[in-house]
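Residue numbers (my numbering): 17 to 136. Written below as structure tokens is the structure these notes are about.
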């Protein structure tokens, strides 16, 4: 399906299409790579509860892609996705706790989040 079809659905408020457009802009698939637009589309989907978009928005904040780098904000987005069962977000949240990125270092919480991810 072409990017134009996803854009049409995204403009109508479809969270999955919004997340897909974020992926397209983040990776330069079918469009020129543009992290600012990736963040815009991820945020629209994430605000509707799309766990993949929440995880991807966390990655953007972790890496400073399209936004000012902030582990604290990344953790917020990872936690939202992790609480919906997103294993990637659970793993990244474990990493944040293990390294003290955006949260107080806690090996116990790191293990808990790593375990949740591994159990899926």
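Quick reminder that beta carbons are idealized off the backbone N, C-alpha and C, glycines included. Predicted model, so just to flag it, every value in this text is computed and none were measured.
**Request:** Assuming residue 97 and residue 105 form a contact by the criterion Cβ under 8 Å, report the distance between their Cβ atoms to the nearest whole angstrom.
**Result:** That belief holds up - the Cβ atoms of residue 97 and residue 105 are roughly 4 Å apart, short of 8 Å.
**Request:** Can you tell me the Cβ-Cβ gap for residue 129 and residue 116, rounded? I've got them flagged as a contact below 8 Å.
**Result:** That pair is no contact at about 14 Å.
**Residue from 22, 60 and 77 whose Cα sits closest to the Cα of residue 118** = Among 22, 60 and 77, the Cα nearest to that of residue 118 is on 77.
**Asked** How many angstroms separate the CA atom of residue 42 from the CA atom of residue 82?
**Response** Rounded to the nearest whole angstrom, the CA to CA distance from residue 42 to residue 82 is 9 Å.
**In chain order, each alpha helix (DSSP H) run of at least 4 residues that lies wholly inside the segment 62–123** = With a minimum length of 4 residues, the continuous alpha helix (DSSP H) runs that stay inside the segment 62–123 are 67–79, 87–98 and 103–115.
**Request:** Could you say which of 75, 103 and 87 lies nearest to residue 1 if we only look at CA atoms?
**Result:** One cannot answer for residue 1 here, as it falls past the ends of the chain, which runs 17 to 136.
**Message:** Taking a contact to mean a Cβ-Cβ separation below 8 Å, would you say residue 85 touches residue 31 in this structure?
**Reply:** Contact: no.
**Request:** Out of 56, 94 and 19, point me to the one whose CA is closest to residue 70's CA.
**Result:** Ranking 56, 94 and 19 by Cα distance to residue 70 puts 94 first.
**Request:** Compare the C-alpha of residue 72 against each of 121, 39, 22 and 99 and name the closest.
**Result:** Distance check between residue 72 and each of 121, 39, 22 and 99 places 39 closest, using alpha-carbon atoms only.
**Message:** Give me, in chain order, the residues of the same chain whose beta-carbon lies closer than 6 Å to that of residue 51; leave out the 5 immediate sequence neighbours on both sides.
**Reply:** Cβ neighbours of residue 51 beyond the five flanking positions: 81 and 82.
**Request:** For residue 66, I'd like the list of residues in its chain whose CB is within less than 6 Å of its CB, leaving aside the five on either flank, ordered along the chain.
**Result:** Within the same chain, 31 and 35 come within 6 Å of residue 66 by CB-CB distance, once the 5 residues on both sides are set aside.
**Neighbour-count burial assignment, residue 108, 16 or more Cβ in a 10 Å radius** = Flag for residue 108 reads buried.
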